[in-house]
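Structure first, commentary second.
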Amino acid sequence: MANWCSNTVEFIGEHSQFEYLEVLFTAIAAKEKKEGKGQLPLFVNERDSGYLFDTRWEGGILYYETKWSPNFEVMKRIAEHFSIGFIHRYAEPGNMVYGEATYKDGVFTDVFLEPEDYQLCGYDEESDTYCFEGNTYESNDEILEILLERKKAIKALQDANNG
Numbered sequence: 001m002a003n004w005c006s007n008t009v010e011f012i013g014e015h016s017q018f019e020y021l022e023v024l025f026t027a028i029a030a031k032e033k034k035e036g037k038g039q040l041p042l043f044v045n046e047r048d049s050g051y052l053f054d055t056r057w058e059g060g061i062l063y064y065e066t067k068w069s070p071n072f073e074v075m076k077r078i079a080e081h082f083s084i085g086f087i088h089r090y091a092e093p094g095n096m097v098y099g100e101a102t103y104k105d106g107v108f109t110d111v112f113l114e115p116e117d118y119q120l121c122g123y124d125e126e127s128d129t130y131c132f133e134g135n136t137y138e139s140n141d142e143i144l145e146i147l148l149e150r151k152k153a154i155k156a157l158q159d160a161n162n163g
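Residue numbers (full-length UniProt numbering): 1 to 163.
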C-alpha cells in the first residue's frame with residue numbers, strides 16, 4: 001500500500017481563472033467519490049501520472065493526496081492550461097518528503113528538505129517530544145517548517161546574487 005503525500009496548492013494569477021479551477025476541482029472530487037478512484041483533469045494525459053485523491057477546494061486553495069510523492073507535472077499542466085502559477089506545499093513524513101514548489105511565468109522551483117535535515121530533529125522517547133536547537137516541540141512539524149523556511153531564504157539569497 002502506498003504512503004500518502006499531502007498536497008496543498010495555492011494558485012496565483014488572474015482571479016477570474018479561480019472560478020474555473022473551483023468548477024474543475026469540485027467536479028474531480030465528485031467523480032472520485034462516484035468512481036472510488038483517483039482522478040486527473042481531462043486535459044492531462046495519463047502518462048503524466050500523479051492522480052489526485054481526497055480532493056477538496058476550500059477558500060481558493062486545493063487540498064489533495066497523491067501516492068508517495070507530489071505530482072508536479074500534473075500541477076504544471078493545470079497551471080499552463082489556465083495561464084496561472086502556483087505555490088505547492090507537500091509532505092510525506094514516512095519517506096522524508098517535505099517541501100514547497102513554485103511555478104510562475106513558466107519557471108519551476110522546488111525547495112525541499114534532504115535526509116540530513118531530518119537528522120537535525122532529535123526525539124526524546126521518555127517525554128515523547130522533539131528537540132531542535134535547545135527547544136522542545138510536541139511534533140516535528142514546526143521544526144521541519146523552520147528548516148524549510150531557512151532553505152527558502154538561502155535559495156532566495158542565492159537567486160538574488162545570481163540575478
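Using N, Cα and C, we set each Cβ at its ideal position, and we do this for glycine too.
Local conformation of Glu65 per DSSP, three classes:
Three-state DSSP puts Glu65 in a strand.
Helix, strand or coil, according to DSSP, for Phe43 in the structure here?
In the structure shown, Phe43 sits in coil (DSSP, three-state: anything other than H, G, I, E or B).
For Arg56: DSSP bridge partner residues
Answer is Tyr63.
What does the alpha-carbon distance come out to for the pair Asp159 and Glu125?
About 40 Å.
Can you name the start and end residues of the beta strand (DSSP E) that Asn162 belongs to?
Here Asn162 belongs to no beta strand (DSSP E); instead the alpha helix (DSSP H) covers 141–162.
Cutting at 6 Å between CB atoms, please list the residues of its own chain near residue 164, excluding the five before and the five after it.
The question about residue 164 has no answer, for the chain in this structure spans 1 to 163.
Please report the distance separating the alpha-carbon of Asp128 from that of Met96.
Taking the straight line from one Cα to the other gives about 20 Å.
With DSSP as the reference, please indicate the residues paired to Gly99 in a beta bridge.
Paired residue(s): Tyr90, Phe112.
Going by other Cβ atoms of all chains shown within 10 Å of its Cβ, with 16 needed for buried, is Val74 buried or exposed?
Under the 10 Å beta carbon count, Val74 is surrounded by 16 or more other beta carbons and is classified as buried.
Cβ shell of Tyr130 (< 8 Å), same chain only, five flanking positions each side left out
Cβ within range, chain order: Cys121, Gly122, Tyr123, Asp124, Thr136, Tyr137, Glu138, Ser139, Asn140, Ile143.
Residues sharing a beta bridge with Lys104, DSSP:
Paired residues: Val107.
May I ask you to list the residues that DSSP assigns as paired with Val9?
Bridge partners of Val9: Leu62, His88.
According to DSSP, what are the bridge partners of Gly122?
Checking the DSSP bridge columns, you'll see Gly122 partnered with Cys131.
Using only CA atoms, which one of Asp105, Ile87, Glu133, Pro93 lies nearest to Val111?
When each option's Cα is compared against that of Val111, the closest is Ile87.
Is it true that the CB of Phe18 sits closer than 8 Å to the CB of Gly85?
Not in contact: Gly85 and Phe18 (Cβ atoms no closer than 8 Å).
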